[in-house]
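Trainee:
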Amino acid sequence: MTDPFASLVSPVFQTVLDLQQRLEAGENPPLGPEREQIVVALDEAARKAGISSQLSHDFELAKHALVYWIDEILINSHWSHALEWRQQILEWEIYQERLRADRFFEKAHEAEVLANTDPLETYYLCVALGFRGKYVESQPELRAWAERIYNRIASSGLQPEKFLPDESLEREPLSPLPGQSILLAVSVLVSITALLTLACFVLAVHPR
Numbered sequence: 009m010t011d012p013f014a015s016l017v018s019p020v021f022q023t024v025l026d027l028q029q030r031l032e033a034g035e036n037p038p039l040g041p042e043r044e045q046i047v048v049a050l051d052e053a054a055r056k057a058g059i060s061s062q063l064s065h066d067f068e069l070a071k072h073a074l075v076y077w078i079d080e081i082l083i084n085s086h087w088s089h090a091l092e093w094r095q096q097i098l099e100w101e102i103y104q105e106r107l108r109a110d111r112f113f114e115k116a117h118e119a120e121v122l123a124n125t126d127p128l129e130t131y132y133l134c135v136a137l138g139f140r141g142k143y144v145e146s147q148p149e150l151r152a153w154a155e156r157i158y159n160r161i162a163s164s165g166l167q168p169e170k171f172l173p174d175e176s177l178e179r180e181p182l183s184p185l186p187g188q189s190i191l192l193a194v195s196v197l198v199s200i201t202a203l204l205t206l207a208c209f210v211l212a213v214h215p216r
């Protein structure tokens with residue numbers, strides 16, 4: 009992922025993963041401030057993307073992935089406000105729809121046919137970080153999708169090691185590697201638990 013695009017999506021991931029980490033630690037923050045912080049992060053990313061028509065177009069496509077991912081993981085969280093979030097999903101507020109289970113993969117297909125893989129990497133990472141959508145009961149189909157997307161990103165000229173470490177899982181599941189991958193951008197922002205979950209998913213869908 010290019011640095012300009014990573015600078016757009018990383019703060020959004022950071023904001024939501026920070027909330028997720030706090031929820032897992034037993035905190036129970038009020039809904040309003042957390043929702044506002046997430047919306048602000050999305051709006052700020054869209055504002056920054058406005059510096060060019062291409063960046064704006066690519067981020068708008070990636071924003072769908074972010075919105076669908078945010079809704080799904082917070083609805084399925086142990087947060088006491090999860091039901092309230094379900095009743096006030098971002099998808100409805102922004103797109104006036106409640107179709108994320110299918111729409112995520114439809115939009116991902118739009119990203120898949122682009123020459124630039126920045127938006128597609130966002131979809132890939134959202135799945136790695138918990139989005140399941142219509143494949144929630146079909147792990148083999150989800151793995152097949154992730155494998156195809158991995159290969160599409162790799163075929164664009166990115167080095168596969170930006171997604172997988174050279175070492176075996178027994179050594180370091182997600183050791184720091186050079187490059188501009190969003191995985192590295194996020195790695196400095198999230199907890200080791202989230203990183204291990206991400207590494208296990210990536211290695212599962214693309215075994216060495």
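Counting in this note's numbering, the sequence shown runs from 9 upward without gaps.
All C-beta atoms, glycine included, are put in the ideal place defined by N, C-alpha and C.
Note that the coordinates shown come from a computational prediction; the quantities given were computed from them, not determined experimentally.
State the Cα-Cα distance for the pair Q188 and Q29, rounded to the nearest angstrom.
Mentor: Unreliable placement is indicated for Q188, whose pLDDT of 41 sits below 50; no coordinate value is reported for it.
Trainee: Please list the terminal residues of the continuous alpha helix (DSSP H) segment that includes L63.
Mentor: Per DSSP, L63 belongs to the alpha helix (DSSP H) from S61 to I83.
Trainee: With distances taken between CB atoms, is the gap from G141 to R106 smaller than 8 Å?
Mentor: Going by C-beta atoms, G141 is not nearer than 8 Å to R106.
Trainee: Determine the DSSP secondary structure at A123, reduced to helix, strand or coil.
Mentor: Looking at A123 - three-state DSSP - the assignment turns out to be coil, as it is neither helix nor strand.
Trainee: Once DSSP output is grouped into helix, strand and coil, what is the label at N159?
Mentor: Looking at N159 - three-state DSSP - the assignment turns out to be helix.
Trainee: Taking 7 Å as the limit between beta carbons, can you name the residues of its chain near E92, skipping five residues before and five after?
Mentor: L39.
Trainee: When DSSP labels each residue in this structure, what does L98 get in the three-state scheme?
Mentor: DSSP places L98 in helix when its eight states are reduced to three.
Trainee: Alpha carbon to alpha carbon, what distance is there between N159 and E145?
Mentor: One C-alpha to the other measures close to 23 Å.
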